[in-house]
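Protein chains in written order, with the numbering used here: chain A, 37 to 148; chain W, 37 to 148.
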DNA sequence: AAACATACATAGTAAATCTATGTATGTCAA
DNA sequence: TTGACATACATAGATTTACTATGTATGTTT
């Protein structure tokens, strides 16, 4: 089970990344994350929806209600311009931390 | 400025990694992290000490007071066996999330 | 002797989280 | 046709967490 902290740190970049290439809605995002992670990340809807609402409040994404052919209503989220910029920043930060960790994991002499 | 979440998620693996190869103490750990990250990660002592205390309570690290040649007292932390195992787990989890993000960043077709 | 760097500690406020719960509807098998 | 299950979204509020602000102490430099 992934730590709370790691889930928290990766949720925002993951969601924004998923929405970068196509609109999606809560339920589908959960499935996408599960699939992408090889079944290791299993988000609950109760944790995702508040995050989506927050990202929407921050104007990084925006929502539209649509009705699918089967008649089911879904709230589709789309990445806004500000969201794209935020994603770039998230990506930069993640890579910074990742390279710091990688450095120490691959080369112990970096500590001296 | 790195997000709170990212700092939280990386603090534990970073500290354990630093202690894997040599004993260290709070003040020095802060400097090591700063140096390793190219100046991008600047931890405050107020956030680090509670984490060290927690890791100690979890028996992942253990502390010994020592007096340096200049007469200054320092609390040196050392990685315990359980800490090594915990680090391996942290590393595995981090890499899992990292590869999920990397996958989506490098290959948009993975979403389809 | 003042300023600064080194070194550790924690109370308590401030904030975030996400579990538990609720609503609603479509599909399919028995 | 009804019960089970999957789909789909929402949020109050208890619980947990984080870390700022503050305090102590001492060595070094100017």
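Beta carbons: idealized from backbone N, C-alpha and C, even for Gly.
Any idea if residue 47 (chain A) is buried or exposed, counting beta-carbon neighbours within 10 angstroms, 16 or more meaning buried?
Residue mapping note: residue 47 (chain A) aligns to position 11 of the first chain, counting from 1. The residue in question, residue 47 (chain A), is buried, as its Cβ has 16 or more Cβ neighbours within 10 Å.
Fully enclosed by the segment 86-145 of chain W, which alpha helix (DSSP H) runs are 4 residues long or longer?
117-142
Going along chain A in order, which residues have a C-beta closer than 7 Å to the C-beta of residue 57 (chain W)?
Numbered from 1 along the second chain, position 21 holds the residue referred to as residue 57 (chain W). 144, 147, listed in chain order.
Between the CA atoms of residue 78 (chain W) and residue 110 (chain W) - distance to the nearest angstrom
If you number the second chain from 1, residue 110 (chain W) lands on position 74. If you number the second chain from 1, residue 78 (chain W) lands on position 42. Roughly 20 Å between the two C-alpha positions.
State the start and end residues of the unbroken alpha helix (DSSP H) segment that holds residue 42 (chain A).
Position 6 of the first chain, counting from 1, holds the residue named residue 42 (chain A). Element bounds for residue 42 (chain A): 40-57.
Between residue 237 (chain A) and chain W, is there a C-beta pair that is closer than 8 Å?
Because chain A spans 37 through 148 in this model, residue 237 (chain A) falls outside it and cannot be assessed.
Looking only at DSSP bridge pairs, what is residue 61 (chain W) linked to?
For the purposes of this step, residue 61 (chain W) is identified with residue 25 of the second chain, where counting begins at 1. According to DSSP, which records beta bridges pairwise, residue 61 (chain W) is partnered with W:112.
Excluding sequence positions up to five away, which residues of its chain have a Cβ less than 6 Å from the Cβ of residue 83 (chain A)?
What you label residue 83 (chain A) is simply residue 47 of the first chain in a count that begins at 1. If we look at residue 83 (chain A) and ignore the five residues flanking it on each side, it has no Cβ neighbours.
At the 8 Å Cβ level, is residue 129 (chain W) part of the contact set with chain A, yes or no?
Taking the second chain and counting its residues from 1, one reaches residue 129 (chain W) at position 93. So yes, residue 129 (chain W) belongs to the interface.
Express the C-alpha separation of residue 105 (chain W) and residue 37 (chain A) in angstroms, rounding to a whole number.
If you number the first chain from 1, residue 37 (chain A) lands on position 1. If you number the second chain from 1, residue 105 (chain W) lands on position 69. One C-alpha to the other measures close to 45 Å.
Own chain residues within Cβ distance below 6 Å of residue 98 (chain W), not counting five before or after
Counting from 1 along the second chain, the entry for residue 98 (chain W) is found at position 62. Around residue 98 (chain W): 114, 116.
Given 8 Å, three or more beta-carbon pairs between the segment 62-78 of chain W and the segment 128-138 of chain A:
yes
Run down chain W in chain order and give the residues with a C-beta less than 8 Å from the C-beta of residue 42 (chain A).
Against the first chain, residue 42 (chain A) aligns to sequence position 6. Under the 8 Å cutoff, chain W gives 45, 129, 130, 133.
Coarse secondary structure for residue 82 (chain W), derived from DSSP in three states:
Taking the first residue of the second chain as position 1, residue 82 (chain W) is located at position 46. Three-state result, residue 82 (chain W): helix.
Can you pull the chain W neighbours of residue 38 (chain A), defined as C-beta to C-beta under 9 Å?
On the first chain, residue 38 (chain A) is found 2 positions in, with the first residue counted as 1. Those are 129, 132, 133, listed as they occur along chain W.
Look up residue 148 (chain A) in the DSSP assignment and say whether it is helix, strand or coil.
Locating residue 148 (chain A) in the first chain gives position 112, where the first residue counts as 1. Coil.
So with CB distances below 7 Å, who are the chain W contacts of residue 141 (chain A)?
As a position in the first chain, residue 141 (chain A) is number 105, starting the count at 1. Residues of chain W passing the Cβ test: 53, 127.
Taking 8 Å as the CB-CB limit, is residue 80 (chain W) close to chain A?
Taking the first residue of the second chain as 1, we reach residue 80 (chain W) at position 44. Judged by the 8 Å Cβ criterion, residue 80 (chain W) is not in contact with chain A.
If contact is defined by three or more beta carbon pairs under 8 Å, each pair taking one atom from either stretch, is the segment 80-94 of chain A in contact with the segment 40-55 of chain A?
yes
At a CB-CB cut-off below 8 Å, which residues of chain W make contact with residue 86 (chain A)?
Stepping through the first chain from its first residue, residue 86 (chain A) is reached at position 50. Correct list: empty, because the minimum Cβ distance to chain W is about 14 Å.
Exposure label - residue 119 (chain W); buried when at least 16 CB within 10 Å
Along the second chain, read from residue 1 onward, the residue named residue 119 (chain W) stands at position 83. Classification for residue 119 (chain W): buried.
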